[in-house]
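Chemist: Sharing a structure below in structure tokens format, with a few things to ask.
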Amino acid sequence: MTTGRHETVGRPDGETDPAPDRRGFTTWPLRLRAAVVVAVATAVVAGAGAFLANNLSNAFGPDSVCEGTVGSEALTGALGSGKTAGQEYGDGHLSAGTALCRATVSRGIFGNDRSVTVELRRTTDLDLLADDPDARLFAASANGGAVGAASDHRAWALLPEGCDDSVQVVVSSDDDGPGSRELAGLSVSVANRIATQRACGTARIPAPHDLSKAGTEHALDRGAVCDLPGFTVPDVPGAPGLRETATTATDPLWTCRVDSDASPRSSVAFTIGTEPRLLAADAPTNDPGLGRARWVRPDEMVTTCQGEPVHFRLSWKGPQKLIPDSDEIWKQFLTAGGKAIGCEPIL
0 MTTGRHETVG
10 RPDGETDPAP
20 DRRGFTTWPL
30 RLRAAVVVAV
40 ATAVVAGAGA
50 FLANNLSNAF
60 GPDSVCEGTV
70 GSEALTGALG
80 SGKTAGQEYG
90 DGHLSAGTAL
100 CRATVSRGIF
110 GNDRSVTVEL
120 RRTTDLDLLA
130 DDPDARLFAA
140 SANGGAVGAA
150 SDHRAWALLP
160 EGCDDSVQVV
170 VSSDDDGPGS
180 RELAGLSVSV
190 ANRIATQRAC
200 GTARIPAPHD
210 LSKAGTEHAL
220 DRGAVCDLPG
230 FTVPDVPGAP
240 GLRETATTAT
250 DPLWTCRVDS
260 DASPRSSVAF
270 TIGTEPRLLA
280 ADAPTNDPGL
290 GRARWVRPDE
300 MVTTCQGEPV
310 HFRLSWKGPQ
320 KLIPDSDEIW
330 KQFLTAGGKA
340 IGCEPIL
């Protein structure tokens with residue numbers, strides 16, 4: 000006999016549970032359908048989580064890129080989270096110094112890819128290091144052996160001691176720049192990995208923590224050029240004003256660039272290389288030089304300070320020499336620069 004009411008669901012103990020009825024799950028097919036819906040929803044959530052993890056992190060990506068020379072953890076630490084990838088360019092390998100690699104962190108469909116170019120370079124010319132007078136320097140003595148310099152867009156670090164001298168890892172950013180400290184840490188990480196591949200170096204070096212302040216541009220003081228007391232240049236009436244930018248430390252190098260708004264393509268750079276491993280040893284020329292300093296090339300001299308070789312370089316760029324090239328300028332540079340780095344008298 001039909002009563003107009005549906006039957007309640009029995010429980011294992013024989014009693015009935017009215018809860019499913021109140022929820023509308025009056026039959027097992029309906030309950031099965033609900034379970035399928037829940038399972039599908041769970042799968043969708045899990046898939047979405049995996050999709051986001053794959054696009055927003057390197058959870059499913061490689062541990063390193065650029066043939067193992069760039070660690071993914073160090074790369075995302077410098078550039079932010081995302082999936083890592085690398086592309087080498089050139090006939091050879093980055094670790095051999097015969098190729099460069101573009102290391103990228105991407106966020107998939109979300110865009111905002113960030114990348115750096117990594118290369119291994121043998122520095123034989125201080126002029127290559129004079130391009131960043133606003134760089135923050137880090138010296139071996141204060142950073143557990145890490146040696147280099149970094150700005151917001153470029154950093155370099157020497158390979159660990161015991162590897163080839165004058166060989167440095169250079170990391171350049173094409174984007175807005177992750178920051179000098181991040182690039183410095185990445186350059187040291189790559190230097191360690193290359194040392195491991197080359198089986199050289201007595202110990203791996205930590206990320207630098209003691210970076211100097213960045214140099215700032217200001218009007219040139221003709222009575223103390225590049226903030227070196229005793230280094231003067233004559234004031235020429237009607238001459239355009241000059242501006243200077245100098246690093247705020249002297250180890251592993253010191254550099255100062257002088258520019259002019261009236262001749263934007265012209266500049267002059269004063270550079271002192273104080274880290275013995277920074278440059279390969281150059282035999283002095285037969286030119287007599289000045290005092291204890293000897294010429295190694297037309298615009299560079301080498302001497303010793305506290306028993307270690309130190310290079311002084313004065314280089315001009317552009318169509319106009321903003322500061323005259325003369326023995327007097329060199330004498331003042333050697334004297335004032337030598338005093339600034341604690342060198343015994345050169346002249």
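Be aware that the sequence shown starts at 0, since it is given in numbering that gives the first Met the number 0, and climbs by one per residue. All C-beta atoms, glycine included, are put in the ideal place defined by N, C-alpha and C.
Indicate whether residue 73 and residue 184 have their beta-carbon atoms separated by less than 8 Å.
Modeler: Cβ atoms of residue 73 and residue 184: closer than 8 Å.
Chemist: For residue 336, does the three-state DSSP call read helix, strand or coil?
Modeler: Reduced to three states, the DSSP call for residue 336 is helix.
Chemist: To the nearest angstrom, how far is the alpha carbon of residue 311 from that of residue 342?
Modeler: So the two alpha carbons sit approximately 12 Å from each other.
Chemist: According to DSSP, which residues form a beta bridge with residue 327?
Modeler: Paired residues: none, contrary to the question.
Chemist: By Cβ distance below 7 Å, which residues in the same chain neighbour residue 61 in space, the five residues on each side in sequence not counted?
Modeler: The residues are 71 and 83.
Chemist: Compare the Cα-Cα distances from residue 216 to each of 152, 209, 241 and 208 and report the closest residue.
Modeler: Closest option to residue 216, Cα to Cα, is 241.
Chemist: Measure how close the beta-carbons of residue 68 and residue 104 come, nearest whole angstrom, since I'm counting them as under 8 Å.
Modeler: The Cβ separation is near 16 Å, so there is no contact.
Chemist: Below 8 Å on the Cβ atoms is my guess for residue 256 versus residue 317; work out the distance and round it to an integer in Å.
Modeler: That belief does not hold up - the Cβ atoms of residue 256 and residue 317 are roughly 12 Å apart, past 8 Å.
Chemist: Put residue 258 into one of helix, strand or coil per three-state DSSP.
Modeler: Strand, per DSSP.
Chemist: Here's the rule: buried if 16 or more other CB atoms are within 10 angstroms of the residue's CB, otherwise exposed. What is residue 50?
Modeler: Any reading at residue 50 is ruled out, since the residue's pLDDT is 43, under 50, leaving its predicted position unreliable.
Chemist: Taking a contact to mean a Cβ-Cβ separation below 8 Å, would you say residue 158 touches residue 147 in this structure?
Modeler: Contact: no.
Chemist: Can you pull the DSSP bridge partners for residue 199?
Modeler: DSSP lists no partner for residue 199.
Chemist: Taking the alpha-carbon positions, what's the residue 194 to residue 233 distance?
Modeler: Cα to Cα, the separation comes out at about 49 Å.
Chemist: Tell me, which residues are paired with residue 167 by DSSP?
Modeler: 120 and 157, per the DSSP bridge assignment.
Chemist: Looking at C-beta atoms only, is the number of pairs between the stretch 117-127 and the stretch 162-174 that lie closer than 8 Å three or more?
Modeler: Counting Cβ pairs under 8 Å, three or more are found: they touch.
Chemist: Fully enclosed by the stretch 56-138, which alpha helix (DSSP H) runs are 4 residues long or longer?
Modeler: Qualifying alpha helix (DSSP H) stretches, in chain order: 71-78.
Chemist: Report whether the distance from the Cβ of residue 240 to the nearest heavy atom of the ligand HEM is below 7 Å.
Modeler: Among the components modelled here there is no ligand, and therefore nothing to report on the ligand HEM.
Chemist: Put residue 193 into one of helix, strand or coil per three-state DSSP.
Modeler: DSSP places residue 193 in helix when its eight states are reduced to three.
Chemist: Roughly how many whole angstroms lie between the Cα atoms of residue 344 and residue 135?
Modeler: Using only the alpha carbons, I get a separation of about 28 Å.
Chemist: By how many angstroms is the C-alpha of residue 309 removed from the C-alpha of residue 189?
Modeler: C-alpha separation (whole angstroms): 27 Å.
Chemist: By alpha-carbon positions, which one of 290, 78, 231 and 98 ends up nearest to residue 86?
Modeler: Closest by alpha carbon: 98.
Chemist: Could you tell me the distance, in whole angstroms, from the CA atom of residue 196 to the CA atom of residue 253?
Modeler: So the alpha carbons of these two residues sit roughly 31 Å apart.
Chemist: Could you give the first and the last residue of the continuous beta strand (DSSP E) run that contains residue 162?
Modeler: Neither: residue 162 is in no beta strand (DSSP E) and is coded neither H nor E.
Chemist: State the Cα-Cα distance for the pair residue 282 and residue 300, rounded to the nearest angstrom.
Modeler: Cα to Cα, residue 282 sits roughly 11 Å from residue 300.
Chemist: Kindly indicate which three-state DSSP category residue 317 falls into: helix, strand or coil?
Modeler: Note: residue 317 maps to coil in three-state DSSP.
Chemist: In three-state DSSP terms, what is residue 184?
Modeler: Reduced to three states, the DSSP call for residue 184 is helix.
Chemist: Given that a residue counts as buried once 16 or more other Cβ atoms are within 10 Å of its Cβ, and exposed if not, what is residue 122?
Modeler: When all chains shown are included, residue 122 counts as buried.
Chemist: Taking all protein chains shown into account, decide if residue 111 is buried (16 or more other Cβ within 10 angstroms of its Cβ) or exposed.
Modeler: It counts as exposed.
Chemist: Between the Cα of residue 239 and the Cα atoms of 292, 259 and 249, which residue gives the shortest distance?
Modeler: Nearest option by C-alpha distance: 259.
Chemist: Excluding sequence positions up to five away, which residues of its chain have a Cβ less than 8 Å from the Cβ of residue 333?
Modeler: The answer, listed in chain order, is 289, 290, 292, 300, 302, 311, 345 and 346.
Chemist: Taking only three categories from DSSP, how would you classify residue 279?
Modeler: DSSP places residue 279 in coil when its eight states are reduced to three.
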